[in-house]
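Visitor:
Residue numbers (the numbering used here): 765 to 1075.
1) Among the residues of its own chain, which have a CB less than 8 angstroms from the CB of residue 1075, if the five just before and after it don't count?
2) What first and last residue would you give for the alpha helix (DSSP H) that runs through residue 953?
3) Does the distance from the C-beta atom of residue 887 to that of residue 940 stay below 8 angstroms?
4) Within a Cβ cutoff of 7 angstroms, which residues of the same chain sit near residue 1007, ignoring the five residues on either side of it in sequence?
5) Please tell me whether residue 1027 and residue 992 are closer than 8 angstroms, where the distance is taken between their beta carbons.
6) Strictly by DSSP, which residues pair up with residue 1010?
7) Please state the DSSP three-state secondary structure of residue 827.
8) Just the Cα atoms here: how many angstroms apart are residue 958 and residue 1047?
9) Identify whether residue 969 lies in helix, strand or coil by the three-state DSSP scheme.
10) May I have a chain-ordered list of the beta strand (DSSP E) segments no shorter than 3 residues that lie completely inside the segment 782-865?
11) Could you tell me which residues DSSP pairs with residue 1015 in its beta bridges?
12) Considering residue 881, what are the terminal residues of the alpha helix (DSSP H) in which it resides?
13) Is the beta carbon of residue 830 closer than 8 angstroms to that of residue 949?
14) So, with DSSP's three-state summary, where would you put residue 1075?
15) Could you round the C-beta distance between residue 812 and residue 799 to whole angstroms and report it? I think they count as a contact, below 8 angstroms.
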């Protein structure tokens, strides 16, 4: 099981009925709960309907203290309509004697960060949710709204021009901790190691088959065609191909000792509207070393070492 099961990303927490007994239990235990924010008033207090019990998160309790500047107000306003984690600070009665809950997202985020500071290590596999895509990478919620960066070069072995070729905002994914700068609370994630080695991916294909692929780069000497996120082959040049094109390809040969797949493009295909679901070879635990290249590879092994000191 992924290592952040106690502090899941916002939007991925199991649904619960927010009864008064549930809220009292959460108040005593410090458990993290989740519900969508209904509105943000003029004073930047967030209002939540807890199955008929009103809850509120004041501006000072809406965001963790390490978020500074103008982004702080935007971070509060942007919670409206979105699942938001919180801890229960107190249960009170309103002017009519009905119960009301005082909540804190800040407390939930600080508890999650304390857990990560004490327990996260390079190689640990976490459940994440994609919150934003940029040309240079994806931002991931790794728990209670705590954000880590997934650089584009660590998304897969096969190179892509934009994270949107592989991921969608709101998507649940698995990722491993690549590095953790504890002093600055900067967490870098990687997914490429979870998507399988060259041999694990190549074993899904055989010479003589014709399969779908995606053009990832076009060179003078040929075009690199992605067969899977961690597997590409080389086809002869064609003037009508561009990165992102869908193609059908005939597999001419597969050579593990050179980590090469020779392809022949048959024809262009309509582009896919959405990225294909990711197929994970690793789904939990902690990686120390991951070797992508197959046994008997003629060159230096292609691998990732997770046990190196974290800056």
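Glycine residues also receive a C-beta, built at the ideal position from the N, C-alpha and C atoms. The structure presented is a predicted model; accordingly, all values stated were derived computationally and were not measured.
Guide: Once the coordinates are examined:
1) Bear in mind that the predicted position of residue 1075 carries a pLDDT of just 48, short of 50, making it unreliable; the figure below should be weighed with that in mind. 943 and 945, listed in sequence order.
2) Segment 950-954 is the beta strand (DSSP E) holding residue 953; no alpha helix (DSSP H) there.
3) yes
4) 925, 979, 980, 981 and 982
5) no
6) Per DSSP, 978 and 1033.
7) coil
8) Cα to Cα, the separation comes out at about 7 angstroms.
9) Under the three-state reduction of DSSP, residue 969 is assigned to coil, being neither helix nor strand.
10) The qualifying runs are 797-804, 810-814, 817-821 and 847-857.
11) 1027
12) 869-883
13) yes
14) Residue placement at residue 1075 is flagged as unreliable, the pLDDT there being 48, under the threshold of 50; the coordinate-derived value follows with that caveat. Three-state result, residue 1075: coil.
15) 5 angstroms
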